[in-house]
Amino acid sequence: MKKGQLQALEPILAVIIIAIILVIGFIYVVKISTNESVQDEMLSAENEDTATLTMLSAMPELACASDIKEKNCIDLEKAKLFSQLLKTPSGRSYYASLFGKRDIIITYFDIEKKQENTIVLFDYEAQGASIGSRTYFTAHDAATKNMHFAILSIKRFS
Amino acid sequence: MKKGQFEMLGLAIIVVVVVLGVVLYISFGTQNTTPQTRQYSTSFQTALLDTTIPACDMSVAQAIRACKTGGRYGCDPCVEVERTVKELATYGIGTEYKYILTLESVLPSGEDIVVKNDCEKENPEGFYSQYQNPIPIAQGGAVNMILSLCR
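If you read the sequences in order, they're chains A and B.
Take 3 as the starting number for the first sequence in our numbering and just add one per residue.
Take 1257 as the starting number for the second sequence in our numbering and just add one per residue.
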């Protein structure tokens, strides 16, 4: 290669290197901002879950008896009756503004029977895009006086 | 190519490699415990400890204390704790995460109860969340429950 050709190659090489650095920087910034927005969304959903669980467990329609000391406890018998009420048109319209555009589902695991049980507390009856999240709590079975391991699953519709 | 041009090229390559290394280090090094996994772990462990073990007619937390302190309870609390923790971890988090759940020195022999799903203690850099929950027992002691979620 001649001297002149080499000299002409120098700025091209410099441009290529700068371009590589810029591309890496751009990918990094995009990745970080995407990651942060996903994390913010997840954090907001989890905070909302905790708030919803606190609200549900404080509602007289669902709250455990006062002698139950566990925090955020939900009474399963009350939950089953309440879910029936929420299936009626009057019940739905009365509680719709409280529960919003969400499906709220309680699942609990019966250790004795090795069985999972589901109570659909509120069904928004919507199709399409939604964001799901879940949080854990204990649910009281008044019949057996056992505390069951339970999951509150919430699906949010936009 | 002249000596000076070779030096410039070498320097440029070193700069690119260093920048690439820093970017990769920051990208992969900052994914430790996130608030989400901390909250997830906390709520899971709290619910687990409050759950009743019907065979012993006591909560998991009480059964852990009974296992640690020994005594007769109409059931073997150590066996029941291990079985229950395994069942609930599989049911509760097994579908979403790989995990390792340890109850430190809980057995009368001083050994741990370890329940895990495809996650190795020997690979701590693989953990992206580790949450410790001390369960108080008699005489001011405590049993540590450690939940590690893996990549």
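Virtual Cβ for every residue (Gly too), placed ideally from N, Cα, C.
* To do: Apply the 10 Å Cβ neighbour rule to residue 1262 of chain B and answer buried if 16 or more other Cβ atoms are within range, or exposed otherwise.
  => exposed
* Since residue 87 of chain A sits in a beta bridge, which residues does DSSP pair it with? -> Looking at the DSSP assignment, residue 87 of chain A forms no beta bridge with any residue, so it has no partner.
* To do: Write down the C-beta distance between residue 181 of chain A and residue 140 of chain A rounded to the nearest angstrom, noting that I regard them as a contact closer than 8 angstroms.
  => Examination of residue 181 of chain A is not possible in this model, given that chain A is present from 3 through 160 alone.
* **Local conformation of residue 1333 of chain B per DSSP, three classes** => helix
* Can you have a look at residue 1318 of chain B and say buried or exposed, based on whether 16 or more other CB atoms are within 10 angstroms of its CB? => buried
* May I have a chain-ordered list of the beta strand (DSSP E) segments no shorter than 3 residues that lie completely inside the stretch 67-129 of chain A? => 104-112 and 117-124
* Over what stretch of residues does the beta strand (DSSP E) that includes residue 149 of chain A continue unbroken? -> 148-159
* Just mark residue 40 of chain A as buried or exposed, buried being the case when its beta carbon has 16 or more other beta carbons within 10 Å. => exposed
* Asked: residue 1371 of chain B: which of B:1296, B:1363, B:1356 and B:1362 sits nearest, CA to CA?
  -> B:1356
* Contacts of residue 1404 of chain B in chain A (Cβ-Cβ under 8 angstroms) -> Those do not exist, as residue 1404 of chain B stays about 17 angstroms from chain A at its closest Cβ, beyond 8 angstroms.
* Report the residue from A:54, A:81, A:117 and A:56 whose alpha carbon sits nearest the alpha carbon of residue 64 of chain A. => A:81
* **Where residue 98 of chain A falls, given that 16 or more other Cβ within 10 Å makes a residue buried** => exposed
* With a CB to CB cut of under 8 angstroms and the five nearest residues on each side skipped, what residues in its chain are close to residue 1362 of chain B? -> 1320, 1323, 1324, 1334, 1337, 1368, 1369 and 1399
* Can you give me the start and stop residues for the beta strand (DSSP E) that residue 1357 of chain B sits inside? => 1354-1359
* Opposite residue 1327 of chain B in the DSSP bridges: which residues? -> Beta-bridge pairing links residue 1327 of chain B to no other residue.
* Nearest-angstrom Cβ-Cβ length linking residue 1303 of chain B and residue 138 of chain A, presumed shorter than 8 angstroms -> 4 angstroms
* Amino acids of chain A, ordered along the chain, whose beta-carbon sits closer than 8 angstroms to that of residue 1274 of chain B -> By Cβ distance, chain A contributes nothing, its closest Cβ being about 10 angstroms from residue 1274 of chain B, past 8 angstroms.
* What does a CB cutoff of less than 6 angstroms around residue 1364 of chain B pick up in its chain, not counting 5 residues either side in sequence? -> 1326
* Give a yes or no on whether the C-beta atoms belonging to residue 1272 of chain B and residue 22 of chain A are separated by under 8 angstroms. => yes
* Asked: At least one CB of chain A closer than 8 angstroms to the CB of residue 1310 of chain B: is that the case?
  -> yes
* Would DSSP call residue 143 of chain A helix, strand or coil? -> strand
* To do: Round the Cβ separation of residue 107 of chain A and residue 120 of chain A to the nearest angstrom and send it over; I've been treating them as touching at under 8 angstroms.
  => 6 angstroms
* Within this structure, are the beta carbons of residue 142 of chain A and residue 111 of chain A separated by less than 8 angstroms? -> no
* To do: Assign residue 86 of chain A to one of two classes, buried (16 or more other C-beta atoms within 10 Å of its C-beta) or exposed (fewer than that).
  => exposed
* Taking just the CA atoms, how far does residue 1342 of chain B sit from residue 1288 of chain B? -> Below a pLDDT of 50, predicted positions are generally treated as unreliable, and residue 1288 of chain B, at 49, falls in that range; no measurement from the model is reported.
* State the CB to CB distance for the pair residue 51 of chain A and residue 135 of chain A, rounded to an integer number of angstroms; the pair is presumed to be in contact (CB under 8 angstroms). => 5 angstroms
* Asked: Nearest to residue 91 of chain A by alpha carbon, out of A:127, A:156, A:69 and A:148?
  -> A:127
* Would you verify that the beta carbon of residue 1306 of chain B is, or is not, closer than 8 angstroms to some beta carbon of chain A? => yes
* **Backbone CA spacing between residue 1391 of chain B and residue 31 of chain A [nearest angstrom]** => 42 angstroms
* Residues, ordered as in the chain, of the stretch 1341-1369 of chain B that lie near chain A by beta-carbon distance below 7 angstroms -> 1343, 1344, 1347 and 1348
* Asked: Name the chain C residues that come within less than 9 angstroms of residue 1337 of chain B, Cβ to Cβ?
  -> Here chain C cannot be found, since the structure's protein chains are A and B.
* **Beta-ladder partner(s) of residue 1392 of chain B, from DSSP** => B:1398
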